[in-house]
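Here's the structure we're looking at; comments come further down.
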Amino acid sequence: MTTRIVLDCDTGSDDAVAIMAAALHPELELIAVSTVNGNVALPNTTENTLRVLDHIGVKVPVHAGAARPLVRPDFPVPRHILNADNPDFQIDYLDLEPSTTEVRPGSAVQLLIDTFLVPENDDVVLVALGPLTNVALALIAEPRLAAKIRKLVIMGGAHVGGNVTPTAEFNFWVDPEAARAVFSAGIRDIVVVPLDATHSAPLTATDCEEFHALGTPAGTAASALIRHRIEEQLEPETAAVPVHDALCIAYLVRPDVITASGSYHVDVETSGDRTLGQMIVDTRPWSTAPVTATVATAASAEVFREVLRDAFGNGA
């Protein structure tokens, strides 16, 4: 039995790996993709998504979503400052042709509402790999939506140590108000895959070689994408890198890829000079706060690479 999924993403390199895994793994059925402002501006995340799908020969509806955060005009540190050294980053080093597929009419927000309000889609899982702006907007626009989403898997947050700041992970930091709105909406099953889990299951140059050896468009592209991440490290010869978003896809196929987790009350800080965007996980045994999410804290790199090999080997 396959799991049907909708991806909401801000396609940079790790999203691209996740999209290919979701589109090609035989146990998954990718039914739609929505794009959001995040790793790069919305036009680029959308074009990146279309190029990746074209590259692997998969036709899936793609809808563009929010071009800015829920309430803020820009990132907490504006994009032109944060990305001053690389403002137009796409995945051009893959040499992918410009997309020949058109983005679908209608917003990503309407896509989410229309998809999850339909009774025959009550088995669909929503996977959010970027800032949670689209998801929050959909929940605000349609109050019935929270009860209709069977499961939401989120790549975001960090229980211990951020990446864009010492306390915050990028996706939650970009739009903390959206993240808070999603956790407080009452969705019955939220699984968060934060940096704690993704950093515990890194991939290596050897994995890149194995993906490339599969001889498929997806294997070759994934190899190049992950190798690019490795080469950006301070010591690339020995580096192993997290491929954050793709771990969420592996979880859908092999839940045992997550080796440690707990169910907690989760919130996101929306103010503070040092704590903006921080994921707050209430681990106190005596806490009376309602449980809002399952939070993964560790993962298996071995299971992760097995899932990716199965997906990328399935490409034509």
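Heads up, the sequence shown is in the numbering used here, so the first residue is 1 and it goes up one at a time.
Where a beta carbon is used, it is the ideal one built from N, C-alpha and C, also for glycine.
Every value quoted in this text rests on a predicted model; they were computed, and no experiment measured them.
Limits of the alpha helix (DSSP H) - the one that residue i falls within
i	result
Met20	13-24
Asp310	301-312
Asp245	244-253
Ile140	133-141
Lys148	145-148
Leu42	42-55
Arg227	217-231
His212	205-213
Val109	108-116
Glu177	176-183
For residue j and residue i, believed in contact at Cβ under 8 Å, the rounded distance
i	j	result
Ala222	Phe304	Contact doesn't hold; Cβ gap of about 12 Å is too wide.
Lys148	Phe116	5 Å
Leu276	Ala168	6 Å
Cys9	Leu129	4 Å
Leu7	Leu30	7 Å
Val124	Ile5	7 Å
Ala185	Leu111	Actually they are not in contact, since the Cβ atoms of Ala185 and Leu111 sit about 18 Å apart, beyond 8 Å.
Separation of residue j from residue i, as counted between CA atoms
i	j	result
Arg254	Val307	8 Å
Gly272	Val127	28 Å
Ala142	Phe183	Checking the sequence shown, residue 142 turns out to be Glu, not Ala. Their backbone Cα atoms lie some 16 Å apart in a straight line.
Ser261	Gly161	17 Å
Phe89	Ile187	Confidence is the limiting factor: at Phe89 the pLDDT is only 48, short of 50, which leaves the residue's position unreliable, though a coordinate-based value still follows. Distance between the alpha carbons of Phe89 and Ile187 is about 34 Å.
Val52	Pro98	10 Å
Val103	Thr288	45 Å
Asn39	Pro285	36 Å
Asn37	Arg227	25 Å
Ala41	Pro236	28 Å
Pro87	Asn44	Because the pLDDT at Pro87 is just 49, under 50, the model does not fix this residue reliably, and the point stays unresolved.
Ala22	Ile230	22 Å
Asp196	Arg274	19 Å
Leu252	Phe211	20 Å
Asn134	Leu214	35 Å
Thr2	Gly106	27 Å
Thr238	Ala64	38 Å
Met20	Arg309	11 Å
Leu28	Glu209	25 Å
Val118	Asp256	30 Å
Residues of its chain near residue i, where Cβ-Cβ distance is below 7 Å and the 5 sequence neighbours each way are ignored
i	result
Ser200	Ala298, Ala299
Pro202	Ala240, Val241, Pro242, Ala301
Phe170	Asn163, Val164
Asn121	Thr115
His159	Pro194, Asp196, Met279, Val281, Val295, Thr297
Gln233	Ala239, Val241
Beta carbon of residue i nearer than 8 Å to that of residue j
i	j	result
Ala18	Ile249	yes
Ile190	Ile154	yes
Leu247	Ser13	no
Leu46	Val60	According to the sequence displayed, residue 46 carries Thr and not Leu. Cβ atoms of Thr46 and Val60: not closer than 8 Å.
His55	Asn314	no
His265	Asp245	no
Asp175	Pro69	yes
Val192	Gly219	no
Ala108	Ser34	yes
Pro166	Met279	no
Asn48	Thr11	yes
Cβ shell of residue i (< 6 Å), same chain only, five flanking positions each side left out
i	result
Pro73	none
Ala179	Leu132, Phe172, Val268
Asp207	Arg305
Thr204	Ala240
Thr198	Pro242, His244, Leu247
Glu177	Leu70, Val71, Thr270
Asp15	Cys9, Leu129, Asp245
Beta strand (DSSP E) segment containing residue i, residue limits
i	result
Leu28	28-35
Ser261	258-268
Arg4	3-9
Ala239	Careful: Ala239 lies outside any beta strand (DSSP E) and carries neither H nor E.
Leu152	151-155
Ala128	125-128
Val281	279-282
Ala64	62-64
Ile190	190-193
Residues near residue i in its chain [Cβ-Cβ closer than 8 Å; skip 5 each side]
i	result
Ile113	Ala138, Ala141, Glu142, Leu145
Phe75	Pro69, Leu82, Trp173, Val174
Ser263	Val291, Ala293, Thr294, Val295
Neighbour flag for residue i against chain B, beta carbons, 8 Å
i	result
Val36	In the displayed structure, chain B is absent; only one protein chain is listed.
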